[in-house]
Amino acid sequence: MTRPENLQKRLQHIRATWAKHCNQVLYMSSQSSDFPTVGLNVSEGRSQLYWKTIRAFQYLHAHHLQHADWFLKADDDTFVVVENLRYLLSHHDTEEPVYFGHKFRPFVRQGYMSGGAGYVLSREALRRFVQGFSTGRCKNFSSVEDMALGKCMETMGVKAGDSRDPNKRETFNPFRPENHLIPPKNGKQTWGYSYYKTRQGPDCCADFAISFHYVKPADMYMLEYFAHHLRPFGYKYRFNTIQQNSTSELKPHYKYSR
Amino acid sequence: MMSEGSSFMKGMALGGLFCLVMTYFETFNPGTHSEGHLHLHHHLKPLSKEELQKLSEGQMSALTQQVGVYCLIMVTPKLLVHWATANDTWSKHCDKSVFYTSESSKALEAFDLQEQDEWARMRKAIKHAFENAGELRWFFLARPTTFAIIENLKYLVLDKDSSQPFYIGHTEKSGELDYVEYDSGIVLSYEAVRRLIEIFKDEDKCPERGNALWKMPEEKQLATCLKYSGVFAENGEDAQGKGLFNKKSVSSMISDSMGQNPADVVEACCPDMAITFGGMSPSQMQVLMYGVYRLRPYGHDFHDSLTFLPPKDSDND
């Protein structure tokens, strides 16, 4: 999701980095352009944010419902590791009414997903969201897009899923990496709105993290470099999924231990 | 008799002064690369994946024995936060890491060299490291503002014989002197250090207090002493010629690349098997720790021929 003035400032850096890993990308804005962006017939601004989101999902539903299995909404300052999103979703069925993201607690009983950290809808969730508006069961009552969407999801019986990894670490992250990874100086943990008690410090974030928010353009490239290019030779990662552990010994190699 | 003597003395003084001035200008003149140079500007690269796979079991086993790294991290109380961060992050991946400080700090443990002069500190630290190396055959010298990926350092030196003199990093030229930049980390083989310690004894070639009249930075003092021992600086690069040792931070290099190569920022910027980044802030180092040792896409397995296990008692890698 973006706005006209951010095409060169932000969107082009997303297009050059993580968007390449998606099966399909659509850039949603108030105006269409040659970028290309889809014009959603709304005006810009925080008060219009929910409208923009509703229109974007209505557009997806009308034109792309069968073109993909899952539908991710991200902002133009969200960084996503799409492979890790696929890994999460591989454990779920897109015909189930469910959506995933970083779950926040207040205002919605089952919780709602942070808009900035990105959230992903199953096909059935997308159907029900659009249905919510066409039947009038969901109303555009708030400018707080993520909370309002969360309320509609709850109304329509779409489950707010748990996207944490097997070690209960969050995969969708609503802030920059440094804000999650560096423990608070005074030693006091705060977890703001988060539904699940999150830890600030190295244990905050999954190895197979899916997203970070408030990412500046240069940091899009930096995170792309970290996730997809930079690596320590021969390093045996501490965290591995069960499947990885069983298939890792494919050919003889040498273990170096101190 | 007296007038002749004083003329002679004046002549000596003038000649000596002239000589010193010429030496001064020679040292500080960026100069051009002269053709009749004694040695070539060496480029040192790691083994390719194909070469690695060709090695026999015996060869591989032998190589793994000799790739242990002793890290010397030169700190001062002024750099306390960087010191703590280096202690908490990358230095845990060294086989042995020792923090050498100019003066002790109540907050953190270190080997107190009780020495303010940077060159003298470096000499003392190197001597101490050599005496305490045990089985380790490679030495890595860095400031705590530098972040190092030790596994990639090991990959670079894997097939290099530590009983040969190696002096590796990001090389720069100062007049006739090729030296390794301190900010991007300095790698020395066992033999290089052994020769260095020998030449430390020579107060003419390698004075302890440096050149009394004008101070060379310690990275150049080191290069000079090593040069006298027949050890020359080599630039560490990957197969594409990208420098593995960097004195700039990751974000700095990315910014440069955005300006110079906007169509291909990441590819043009930094190598996959980078060894060092300098000028890192403590929080940048924490993020880099996560970026190197944890963040990755599910589904990739590199099948490297060698496995490096994570250090014990660590939670951020």
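In order, the protein sequences belong to chains A and B. Going by numbering that gives the first Met the number 0, the residue at position 212 of the first sequence is 211; the numbering climbs one at a time, nothing skipped. Going by numbering that gives the first Met the number 0, the residue at position 250 of the second sequence is 249; the numbering climbs one at a time, nothing skipped. Each residue gets a CB set at the ideal place from its N, CA and C atoms; glycine is no exception. Given the structure is predicted, the values throughout are model-derived calculations rather than measurements.
The region 113-127 of chain B and the region 215-222 of chain B touch, with no fewer than 3 CB-CB distances between them shorter than 8 Å. Assigned with DSSP and collapsed to three states, Lys-105 of chain B falls in coil, not helix or strand. Between Ser-104 of chain B and Pro-76 of chain B, the CB-CB gap stays under 8 Å. Residues of chain B with a Cβ closer than 9 Å to the Cβ of Asp-202 of chain A are, in chain order, Asp-314, Asn-315.
Going by beta carbons, Phe-146 of chain B and Met-279 of chain B fall inside the 8 Å limit. Under the DSSP definition of a beta bridge, Glu-236 of chain B partners with B:Gly-242.
Lys-204 of chain B sits away from Ile-196 of chain B, with the two beta carbons spaced by 8 Å or more.
Asp-206 of chain A is a Cβ neighbour of Tyr-236 of chain A, given a cutoff of 8 Å.
Cβ contact annotation for Ala-147 of chain A (same chain, cutoff 8 Å, sequence separation greater than five): Tyr-49, Asn-139, Phe-140, Ser-141, in chain order.
If you look at Trp-82 of chain B, you'll find it in the alpha helix (DSSP H) that goes 79-87.
Listed along chain B are Gln-285, Val-286, Tyr-289, Gly-290, Leu-294, each with a C-beta nearer than 9 Å to that of Pro-176 of chain A. Its chain contains Phe-56, Leu-59, His-60, Leu-64, Phe-70 as the residues whose beta carbon lies nearer than 8 Å to that of Leu-125 of chain A, once the 5 sequence neighbours on both sides are disregarded; these appear in chain order.
The contact set of Ala-217 of chain A on chain B, defined by CB atoms closer than 8 Å, consists of Ser-250, Ile-253, Ser-254, Met-257 in chain order. Under the three-state reduction of DSSP output, His-169 of chain B falls in the coil class, being neither helix nor strand. Any Cβ of chain B closer than 8 Å to the Cβ of Met-221 of chain A would place that residue at the interface, and such an atom is present. Taken atom to atom, the span from the alpha-carbon of Ala-73 of chain A to that of Ser-55 of chain B is near 50 Å. Your pair Val-66 of chain B and Ile-125 of chain B does not check out as a contact, with CB atoms roughly 20 Å apart and the cut at 8 Å. Secondary structure at Thr-170 of chain A: coil, using DSSP grouped into helix, strand and coil.
Using beta-carbon distances, Glu-169 of chain A does not count as an interface residue toward chain B, since no partner is under 8 Å. Per the coordinates, the alpha-carbon of His-12 of chain A lies some 24 Å from the alpha-carbon of Arg-54 of chain A. Where Tyr-194 of chain A is concerned, there is no enclosing alpha helix (DSSP H), because DSSP gives it neither an H nor an E.
Contacts between Met-272 of chain B and chain A, judged by CB atoms closer than 9 Å, involve Leu-229, Arg-230, Pro-231, Phe-232 in chain order. When rounded, the separation of the alpha-carbon atoms in Tyr-189 of chain B and Phe-129 of chain B is 8 Å. Across the set B:Gly-258, B:Glu-171, B:Lys-200, B:Ser-282, the C-alpha of B:Glu-171 shows the shortest separation from the C-alpha of Gly-235 of chain B. When the beta-carbon positions are compared, Arg-136 of chain A and Thr-93 of chain A stay at least 8 Å from each other. A buried status is given to Gln-285 of chain B, since no fewer than 16 other beta-carbon atoms sit within 10 Å of its beta-carbon. Contacts between Cys-269 of chain B and chain A, judged by CB atoms closer than 8 Å, involve Tyr-224, His-228, Leu-229 in chain order. Close partners of Glu-82 of chain A in chain B (Cβ separation under 7 Å): Pro-296, Tyr-297, Gly-298. At least one beta carbon of chain B lies nearer than 8 Å to the beta carbon of Phe-207 of chain A.
Shown here for Tyr-194 of chain A: same chain residues with a beta carbon closer than 7 Å to its own, the five before and five after excluded, namely Lys-102, Phe-103, Arg-104, Gly-110 in chain order. Excluding its 5 nearest sequence neighbours in each direction, Asp-94 of chain B has C-beta neighbours in its own chain below 7 Å: Gly-67, Val-68, Tyr-69, Leu-135, listed in chain order.
Per the C-alpha coordinates, the member of B:Asp-271, B:Leu-140, B:Ala-262 positioned closest to Val-97 of chain B is B:Leu-140. With respect to the 8 Å criterion, Asn-245 of chain B and Ala-222 of chain B are not classified as neighbours on the basis of their beta carbons. Within chain B, not a single residue places a beta-carbon under 7 Å from that of Ala-116 of chain A; the smallest gap is close to 15 Å. Between Val-264 of chain B and chain A, the shortest Cβ-Cβ separation is below 8 Å. Residues of the same chain with a CB within less than 8 Å of the CB of Arg-122 of chain B, apart from the 5 flanking positions on each side, are Phe-199, Glu-207 in chain order.
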